[in-house]
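Engineer:
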Amino acid sequence: MAAPLTAPFLWTLMVFSSFMLVSADQTTIRVDSRETVILPCRAPGDGTVITAEWSRTDLESDQYVIFYRDNKIDIAASCPSFKNRVELQDVKNGDVSLVLKTVTTADRGIYECRVQGTDPPISTVGLIVEPVEEPITAESGGTVILPCRAPENDRDGDVEWSRTDLEFSQYVYRYKNTKVDHAAQCPSFRNRTTLQDMKNGDVSLVLKKVTTDDTGRYECRVVQRENSCKKRSILVTDPLSFINLRVEPDRRIIPAKHGEDVILPCRAPENERDGDVEWSRTDLESGQYVLMYRNEQVDQEVQSPSFKGRTNLLDMKNGDVSLVLNKVTTDDTGTYECRVIQRGKSCRRRFILDTDPLGIINLRVKPGESVCIWIRTSSSFLVADVREKHLRSDVGVF
1 MAAPLTAPFL WTLMVFSSFM LVSADQTTIR VDSRETVILP CRAPGDGTVI TAEWSRTDLE
61 SDQYVIFYRD NKIDIAASCP SFKNRVELQD VKNGDVSLVL KTVTTADRGI YECRVQGTDP
121 PISTVGLIVE PVEEPITAES GGTVILPCRA PENDRDGDVE WSRTDLEFSQ YVYRYKNTKV
181 DHAAQCPSFR NRTTLQDMKN GDVSLVLKKV TTDDTGRYEC RVVQRENSCK KRSILVTDPL
241 SFINLRVEPD RRIIPAKHGE DVILPCRAPE NERDGDVEWS RTDLESGQYV LMYRNEQVDQ
301 EVQSPSFKGR TNLLDMKNGD VSLVLNKVTT DDTGTYECRV IQRGKSCRRR FILDTDPLGI
361 INLRVKPGES VCIWIRTSSS FLVADVREKH LRSDVGVF
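Sequential numbering from 1 applies to the sequence shown in UniProt numbering.
1. Take every Cβ of the stretch 66 to 79, pair it with every Cβ of the stretch 126 to 137, and state whether three or more of those distances are shorter than 8 Å.
2. Assign residue 431 to one of three DSSP states: helix, strand, or coil.
3. Do you know offhand how far T48's Cα is from V115's?
4. Taking I110 as the reference, which of T211, G94 and I128 has the closest Cα?
5. Do you know how far the Cα of L59 is from the Cα of T124?
6. Helix, strand or coil: which one does DSSP assign to A43?
7. Is there contact here, the stretch 322 to 337 with the stretch 276 to 290, by at least three beta-carbon pairs under 8 Å?
8. What does a CB cutoff of less than 8 Å around K83 pick up in its chain, not counting 5 residues either side in sequence?
9. So what does DSSP say about G359, is it helix, strand or coil?
10. Any C-beta of chain D sitting closer than 9 Å to the C-beta of D283?
11. With DSSP run on the structure shown, which of helix, strand or coil describes Q26?
12. Looking at the strands, I want to know which residues DSSP matches up with E87.
13. According to DSSP, M292 sits in a beta bridge with which residue or residues?
14. Start and end of the beta strand (DSSP E) containing L195?
15. Can you give the Cα-Cα distance for D32 and L205, rounded to whole angstroms?
16. Can you name the residues that DSSP bridges to V129?
17. Taking the continuous beta strand (DSSP E) assigned at A256, which residues delimit it?
18. Alpha carbon to alpha carbon, how far is N244 from S162?
19. If I measure Cβ to Cβ from A150 and keep anything under 7 Å in the same chain, skipping five residues before and after, which residues do I get?
20. Using only CA atoms, which one of C220, I254 and D213 lies nearest to L323?
21. Beta-carbon within less than 6 Å of E112's beta-carbon, same chain only, minus the 5 sequence neighbours each way: which residues are those?
22. Let's test the definition: count the other Cβ atoms within 10 Å of the Cβ of D119 and tell me whether it reaches 16, buried, or not, exposed.
23. So is F168 buried or exposed if we call it buried at 16+ other beta carbons inside 10 Å?
24. Per the DSSP calculation, D320 is bridged to which residue(s)?
25. Going by C-alpha distance, which of R108, D274, P305 and I66 is nearest V340?
26. What did DSSP end up calling P239 once you bin it into helix, strand or coil?
27. Between the alpha carbons of N271 and G142, how many angstroms are there, rounded?
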């Protein structure tokens, strides 16, 4: 079976597809975000340069990456997104290679170099800029920062943070027209997100009180149509960064003594306190639960018989979905998992059904005291047995 296509692969494939429309004579350059790149071009003949221009095929016809004439750079002709980031390598010696600084994915495209208005261009360069790709691991309940920087000249643009498993048009965070677009924000992220330092171009996402529900692949985009100079028909904005966030579930080991009542801790995510709650144990049969709370009641049909009448949730109304387990025995020893399912607020695509556990609890119940029990049998013999100290009505203790 072929491996599934990943987001970076599809993104690169899209870039290469656009390059295929150009002559095979072009040069293709791949570079990482934030680096400086040189796109080669030399003036023909004796190297005299009267005018030199670099353009990009997706820009409006009157917009240039850089325009050189009258022995100087024509600042007014340059697209604003390139200002203070571009220069020519060595014009006096006929080297009009483009030096492009602090590149981002917004700079990807097909660049064309012309000297003295030559047509076709004397150099065509396909530039691929790799987005920032970073894995981040966080602990449940903590605050995490997902890094992203706006392009140098696009610091007042609209900012979009999305996650690849969310429904279309649902955002982790969207900053548009100088304010947060709450209507487009997935409810599970409300009151938990902000940008690090918008004024200084740091559009890193600050995500608070993370849980395993926040695990996923995040994408950061900055949309600045006034500075980008792109043709109006080109609406796709490439992500500046991909962040793979992994939130580790809360893991605990809880010791208990035979006959005690224990509490296995778990809290619902901040905005999902009216969701369905599942407590399971890893060694139970499929479809059997320690406790299943859905549709505002305990689902008795799917509860394992050994837990009936012994379980409860601590404080559902306040988001404390800790499991109260009464009169534990060594049979209760095991690995317990807590999940909260809230499809109405999660915004995940419907075909994505898996939910990571919020907490994983290893419960270890110590055996009770041993006692000698004599069991009267039908053969009039007394049979001795050693058991844990928990009495039943069908046995006698001598």
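Backbone N, C-alpha and C define an ideal beta-carbon position, used for all residues, glycine too. Computed from a predicted structure; not experimentally measured.
Structural biologist: This is what the structure gives:
1. No, the stretch 66 to 79 does not touch the stretch 126 to 137.
2. Lying outside 1 to 398, the shown extent of the chain, residue 431 is not represented and no answer is given.
3. Distance from the CA of T48 to the CA of V115, rounded to the nearest whole angstrom, comes to 9 Å.
4. Of T211, G94 and I128, the residue nearest in Cα terms is I128.
5. Going by the C-alpha atoms only, they are around 15 Å apart.
6. Reduced to three states, the DSSP call for A43 is coil.
7. A contact exists between the stretch 322 to 337 and the stretch 276 to 290.
8. Within the same chain, K83 has close Cβ partners I75 and N153.
9. Strand at G359.
10. Going by chain labels, chain D is absent from the structure shown, which holds only one protein chain.
11. In the three-state scheme derived from DSSP, where H, G and I count as helix and E and B as strand, Q26 is classed as coil.
12. According to the DSSP secondary-structure assignment, E87 is paired through a beta bridge with V99.
13. According to DSSP, which records beta bridges pairwise, M292 is partnered with E278.
14. For L195, the uninterrupted beta strand (DSSP E) run begins and ends at T193 to D197, by DSSP.
15. D32 and L205: Cα-Cα distance of roughly 21 Å.
16. DSSP output for V129 lists V31 as bridge partner(s).
17. Its beta strand (DSSP E) spans residues D250 to K257.
18. Approximately 12 Å between the Cα atoms of the pair.
19. Excluding residues within five positions, the ones whose Cβ falls inside 7 Å are G157, G201, V203 and V222.
20. In terms of CA proximity to L323, I254 leads the group C220, I254 and D213.
21. The answer, listed in chain order, is S55, P121 and T124.
22. Exposed: under 16 other Cβ atoms inside 10 Å.
23. Around the beta carbon of F168, a 10 Å sphere encloses fewer than 16 other beta carbons of the protein chains shown; the residue is thus reported as exposed.
24. Beta-bridge pairing links D320 to R267 and D315.
25. Taking the Cα of V340 as reference, the smallest distance to any Cα among R108, D274, P305 and I66 is reached at D274.
26. Residue state, collapsed to three classes: coil.
27. Cα-Cα distance, rounded: 15 Å.
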